[in-house]
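Written out below as structure tokens is the structure these notes cover.
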Amino acid sequence: MGALEIVNFYLVPGIVVGSIYALGAVGITLVFAILRYAHLAHGDLATLGAFLALGAVTILGVSPYVALPIAMLMTAVVSVGIDKTFYAYLRERPKIVTVMASLGVALMVRSIVQVVWGVDSETYSRGIVRPENWFGIRLRDREIITVLAMAALVLALQVFLKRSKWGKAMRAMSDNPDLALLSGVDNRKVVMLTWLIVGGLCAAAGVFLGLNYELKAMMGWTMLLPMFAAAILGGVGRIEGAVLGGLIVGIAEEMSTLFLPTEYKAATAFAILLLMLLVRPTGLLKGKVL
1 MGALEIVNFY LVPGIVVGSI YALGAVGITL VFAILRYAHL AHGDLATLGA
51 FLALGAVTIL GVSPYVALPI AMLMTAVVSV GIDKTFYAYL RERPKIVTVM
101 ASLGVALMVR SIVQVVWGVD SETYSRGIVR PENWFGIRLR DREIITVLAM
151 AALVLALQVF LKRSKWGKAM RAMSDNPDLA LLSGVDNRKV VMLTWLIVGG
201 LCAAAGVFLG LNYELKAMMG WTMLLPMFAA AILGGVGRIE GAVLGGLIVG
251 IAEEMSTLFL PTEYKAATAF AILLLMLLVR PTGLLKGKVL
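Just so we're aligned: 64 in my numbering is position 64 of the sequence shown, and the numbers increase by one with no gaps anywhere.
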């Protein structure tokens, strides 16, 4: 197999799916850095966002790209509602209780998706999309948009965290919640803002996964492990680390099919996760969170 074939059939899909994992991993990093627990409903929130976009495409007749901000907004609101309904009263309990609660939320969200949209595979649009040839590399518009959108969203988040008042409040809370509270930071508003951002990122990850592949009720659950592997690989608490981890996991998954059967592709993320926990638990990039 030549170099161009490897790029077209393995590297390009790896970068695309890695960008999707990166969006999800950034959300996982935000939850862990600010709220201090692993959110197991993350993948199913991405599924909900993808199907909300499908609803907008079907009902309003708009393109998936126009439906994307609608889905991001709606999922963000749902995320805040889930936090206030299920997580808020557990804030003072041991974090493992909230982690287990998030598993219950994941099952609930998935069931709602299955009841409303069914269990069959769906797509945003019908027909075959022919790739453009860029010096021998075949790229589809949706693949380019996925990578560029990931970069734009992460860059916007970084600017928000470092330049805005509320972004600095989020960083302060991630560093020391008690000290942030004494300094005048409204932790409740920071938590709400965190969930708004996390919900939007979840929806973006789900929509782009649906655009490049297809929509399934279980798709968020299957991408949960790779997203966690990406967050841990890059260093939990580091936005840029989550992006790096997502790209590495995505490329590794696709490249693994050169040597292993396709059925074992999902095990690659698990292997990376175990290896990183054994060799470098702090991740590739360690340091101050956010």
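All residues carry an ideal CB built from backbone N, CA and C; glycine is no exception.
What you are looking at is a predicted structure, and each value in this text was computed from that prediction instead of being measured.
- Around Ile20, the same chain offers Ala205, Phe208 and Leu209 as residues with beta carbons nearer than 6 Å, after the five sequence neighbours per side are excluded.
- Counting every other CB atom within 10 Å of its CB across the protein chains shown gives Trp134 a total below 16, marking it as exposed.
- In this structure, the CA atom of Leu23 is about 11 Å from the CA atom of Leu30.
- Annotation: the continuous beta strand (DSSP E) that includes Leu139 extends over Ile137 to Leu139.
- In the DSSP assignment, Asn133 falls outside any alpha helix (DSSP H) and lies within the beta strand (DSSP E) extending over Glu132 to Trp134.
- Its Cα nearest to that of Thr194, the residue Phe32 stands out among Phe32, Leu4, Val16 and Leu260.
- Here the C-alpha atom of Leu274 lies approximately 14 Å from the C-alpha atom of Gly234.
- Our two residues, Lys265 and Ala229, have alpha carbons roughly 14 Å apart in a direct line.
- Within the segment 53-113, the runs of alpha helix (DSSP H) that reach at least 4 residues and sit entirely inside it are, in chain order, 64-82.
- Burial is judged here by how many other beta carbons sit within 10 angstroms of a residue's own beta carbon; Met100 has fewer than 16 and is exposed.
- The C-beta of Lys165 has fewer than 16 other C-beta atoms within 10 Å across all chains shown, which makes the residue exposed.
- DSSP places Phe228 in the uninterrupted alpha helix (DSSP H) bounded by Leu224 to Gly234.
- Contact between Met227 and His42 holds: CB atoms are separated by about 6 Å, below the 8 Å threshold.
- The three-state reading of DSSP puts Glu263 in helix, counting H, G and I together.
- Exposed is the label assigned to Ile59, since fewer than 16 other Cβ atoms lie within 10 Å of its Cβ.
- Remark: C-beta atoms of Leu139 and Val57 do not approach each other more closely than 8 Å.
- In the three-state scheme derived from DSSP, where H, G and I count as helix and E and B as strand, Glu254 is classed as helix.
- For Pro281, there is no enclosing alpha helix (DSSP H), as DSSP marks it with neither H nor E.
- Scanning its chain for C-beta atoms nearer than 6 Å, with the 5 sequence neighbours on each side dropped, one finds around Thr47 the residues Val113, Gly206, Met219 and Gly220, in chain order.
- In the three-state reduction of the DSSP assignment, Glu5 falls in the helix class.
- Asp120: not part of any alpha helix (DSSP H); DSSP gives it neither H nor E.
- Of the residues Ile272, Ala71 and Ser111, the one whose Cα lies closest to the Cα of Val198 is Ala71.
- If you draw a 10 Å sphere on the C-beta of Arg110, you find 16 or more other C-beta atoms in it, and that means buried.
- If you draw a 10 Å sphere on the C-beta of Leu247, you find 16 or more other C-beta atoms in it, and that means buried.
- Excluding five sequence positions before and after Ala252, the CB atoms of its chain that fall closer than 7 Å to its own CB belong to Thr268 and Ile272, given in chain order.
- Assigned with DSSP and collapsed to three states, Leu40 falls in coil, not helix or strand.
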